[in-house]
Structures are given as C-alpha cells and as structure tokens.
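In the numbering used here, the protein residues as written are 5 to 321.
This is the structure in structure tokens:
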C-alpha cells in the first residue's frame with residue numbers, strides 16, 4: 005500500500021479536480037508534506053480521514069493502493085458478519101479488506117468493525133471447526149488474511165500524535181495466538197495511543213526487558229492459553245511494569261477477572277481495553293493552587309478638600 009500520493013492522485017481517488025485538492029490543502033483540510041523539490045505529497049491516512057469526515061466516496065481507491073469499495077458502509081452488522089465469515093472460509097484477503105474499508109468509510113469505527121464483525125465471524129469459524137464444517141487449513145488461512153487486513157487498516161489510521169502514551173502487547177510462551185495482539189494494537193492506535201505488539205510466545209524475561217527499554221504507559225497481555233508457568237511469568241513482567249510506572253491490562257479466554265494478580269486490570273473486551281487506555285492517556289489536571297488572602301493596604305487619611313465656595317475668590321489682576 006502506498007503511504008503518500010500526489011494531489012493529482014488524490015483528485016483521481018476522490019473524483020474531483022486537482023485544483024480542489026490543492027485548495028483543501030491551503031485551507032488546512034489536508035496536511036501535505038513537501039518533497040525536496042517543493043511538491044505536495046499527501047498521506048493515505050489523511051485522504052481517508054478527509055473522505056470519511058465529509059462522506060465523500062472513494063471513486064478510485066486503487067490509486068491509493070486500496071481495494072475497490074462498493075459504498076456499502078451502511079451494511080447491517082448481521083450481514084457484515086455473514087459476509088466476513090464466508091470471506092474467512094474462502095481465504096480472500098482483498099475481499100476482507102474491502103469489507104472493512106467499506107464499513108470504515110461508512111463511519112463505523114475500527115473498534116466496532118473488529119469487535120462486532122471480525123470477532124463474531126471468528127466465533128463462527130471456531131464453532132465450524134469444532135463440528136467439522138471448517139477445515140483446519142481454512143482456519144489457519146483465515147488467521148493470515150485477518151492479520152493482513154488488520155495491518156492494512158492500521159495504515160489508513162491517523163498516526164498517534166507526538167508524545168502520545170505508549171502501549172505494548174505480547175503473549176507468553178505456549179500462547180501462539182497473534183490475532184488478539186493485532187486486534188488490540190489497531191484499536192488502541194485508533195484511540196490515539198502509540199500501540200505496538202512485541203509478538204506472540206515471548207518469554208517473560210524478554211517482555212520485561214522490552215518494557216524496561218520501551219517504558220510504556222500500558223502493557224497489555226493476551227492470555228489465550230494458561231501455561232503452568234503463567235503465575236511466575238506474570239510476576240516477572242508485573243515487577244518490570246511497576247519499576248517503570250506502566251499499567252498492566254490482562255485479557256483472554258484462559259483467565260477471568262478473579263485470576264488477575266493484584267495491580268493488574270482485567271479487560272474482558274477490546275472496548276474495555278480501549279477505555280482503560282484512554283483513561284491513561286488523559287493526564288490529570290494539576291490541582292488548583294490554594295487561595296491566598298491578599299491584605300489590601302490601608303488608604304492614607306487625607307484632609308478633606310475645600311469645596312468651591314470655601315476657596316474664596318481668585319485674585320484680580
């Protein structure tokens with residue numbers, strides 16, 4: 005996927021004139037960078053943000069390196085889940101990304117798309133695998149195309165601002181599930197947090213070392229399988245997080261809230277993870293300084309001024 009395009013390419017993508025694009029840039033509606041030669045280059049995420057905010061359709065998304073979209077942003081959630089399920093079974097990466105971008109341009113949030121469409125479709129895949137309707141190769145292939153779609157969705161999001169809180173995610177050894185990490189990363193980034201995944205199956209010492217080096221505001225751990233060393237692994241990373249002042253969020257099907265160690269926050273859903281991350285992103289307002297009574301200086305007593313009638317008559321020349 006292209007990362008930056010020219011005003012001419014943006015005009016083709018939106019179906020407008022190049023002069024309109026340049027005028028929008030001059031008005032601050034888009035934020036182009038400049039090449040060494042002084043030419044404008046506009047980030048893909050800025051074009052998508054502009055189109056989404058104004059309800060403009062993408063007439064030529066291929067110019068931006070995006071799949072063709074159908075304008076089906078108003079697709080009902082139940083139909084979107086049905087479509088996502090069939091796409092996952094068929095292993096069609098382009099169609100999955102097209103579905104997600106359609107929904108996003110229709111002003112759905114990435115959180116809504118992931119939580120109410122992707123996760124529900126994956127629940128059906130899991131049920132189908134259990135009863136033999138989905139083959140194991142279909143499930144594995146579905147994981148790969150979902151990871152690719154999530155990565156591409158991340159590219160069309162506005163990057164976090166400088167100084168945004170940092171969040172990192174990982175899983176412990178014996179827990180190979182990368183989807184929860186990818187989903188957590190993209191929804192946290194959408195909320196303005198500088199989120200990244202360290203990957204699945206990392207030893208606790210490696211996660212602790214990364215936390216010490218990266219010094220995040222938030223460490224989130226997906227616990228999809230509970231290894232015998234889980235309690236000890238959690239103790240190692242909790243100690244590292246505490247030393248750098250990082251909050252710890254836990255989630256996953258292999259744990260419950262009562263299993264979370266002291267000092268960690270249990271997030272049963274991605275929405276709860278995002279809400280928790282947003283809470284960390286809000287810097288507390290400094291307390292108002294105490295009111296200090298200021299003693300006003302007393303006015304010096306002055307002799308009363310004579311009234312006009314007491315001033316006498318002016319001397320005559």
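Every residue gets a Cβ at the ideal spot worked out from N, C-alpha and C, and that includes glycine.
Remark: C-beta atoms of residue 250 and residue 221 approach each other more closely than 8 angstroms.
A distance below 6 angstroms between beta-carbons, with the five flanking residues on each side excluded, links residue 99 to the following residues of its chain, in chain order: 91. Relative to residue 176, the option among 264, 139, 228 and 112 whose CA is nearest is 228. Secondary structure note for residue 219: it is in no alpha helix (DSSP H), with a DSSP letter that is neither H nor E.
Beta-bridge partners assigned by DSSP to residue 113: none are found. Assigned with DSSP and collapsed to three states, residue 147 falls in helix. Rounded to the nearest whole angstrom, the CA to CA distance from residue 230 to residue 254 is 12 angstroms. Taking a C-beta distance under 8 angstroms as the contact criterion, residue 180 and residue 256 do not qualify as a contact pair. A contact is defined here as three or more CB-CB pairs under 8 angstroms, and the stretch 106-122 meets this definition with respect to the stretch 44-56. For the set 65, 62 and 116, the Cα lying nearest the Cα of residue 82 is the one of 116. Rounded to the nearest whole angstrom, the CA to CA distance from residue 248 to residue 165 is 22 angstroms. Boundaries of the alpha helix (DSSP H) around residue 54: 48-58.
A Cβ-Cβ distance of about 6 angstroms is found for the pair residue 65 and residue 72, placing them in contact under the 8 angstroms criterion. In the three-state scheme derived from DSSP, where H, G and I count as helix and E and B as strand, residue 201 is classed as strand. Non-local C-beta neighbours of residue 158 in its own chain, meaning closer than 8 angstroms and more than five positions away in sequence, comprise 189, 190 and 193, ordered along the chain.
Judged by DSSP secondary structure, residue 189 falls within the alpha helix (DSSP H) whose first and last residues are 183-194. Ranked by Cα distance from residue 41, the options 57, 10 and 47 are led by 10. In this structure residue 148 is exposed. Its beta-carbon is surrounded by fewer than 16 other beta-carbon atoms within 10 angstroms. Residue 152 and residue 263 have their C-alpha atoms some 32 angstroms from each other.
Ranked by Cα distance from residue 124, the options 273, 215, 237 and 38 are led by 273. In the structure shown, residue 67 adopts helical secondary structure according to DSSP, grouped into three states. Distance from the CA of residue 33 to the CA of residue 237, rounded to the nearest whole angstrom, comes to 48 angstroms.
Between the C-alpha atoms of residue 174 and residue 63 there is a straight-line separation of about 39 angstroms. With a 10 Å radius around the Cβ and a threshold of 16 neighbouring Cβ atoms, residue 186 comes out buried. Residue 160 is not a Cβ neighbour of residue 46, given a cutoff of 8 angstroms. Excluding sequence positions up to five before and after residue 101, its CB lies within less than 7 angstroms of the CB of 71, 153 and 156, all in the same chain and listed in chain order. Here residue 241 is near residue 212, since their CB atoms are less than 8 angstroms apart. The C-alpha of residue 134 lies about 36 angstroms from the C-alpha of residue 267.
Counting other Cβ atoms within 10 Å of its Cβ, residue 122 reaches 16 or more and is therefore classed as buried. It is roughly 8 angstroms from the alpha-carbon of residue 103 to the alpha-carbon of residue 88.
If you ignore the 5 residues before and after residue 145, its C-beta comes within less than 7 angstroms of the C-beta of 95, all in its own chain and listed in chain order. With a beta-carbon spacing of about 4 angstroms, residue 44 and residue 36 fall inside the 8 angstroms limit used to define contacts. Shortest Cα-Cα distance from residue 59 to any of 224, 18 and 270 involves 18.
224 is the residue among 234, 224, 259 and 232 whose C-alpha sits nearest the C-alpha of residue 277.
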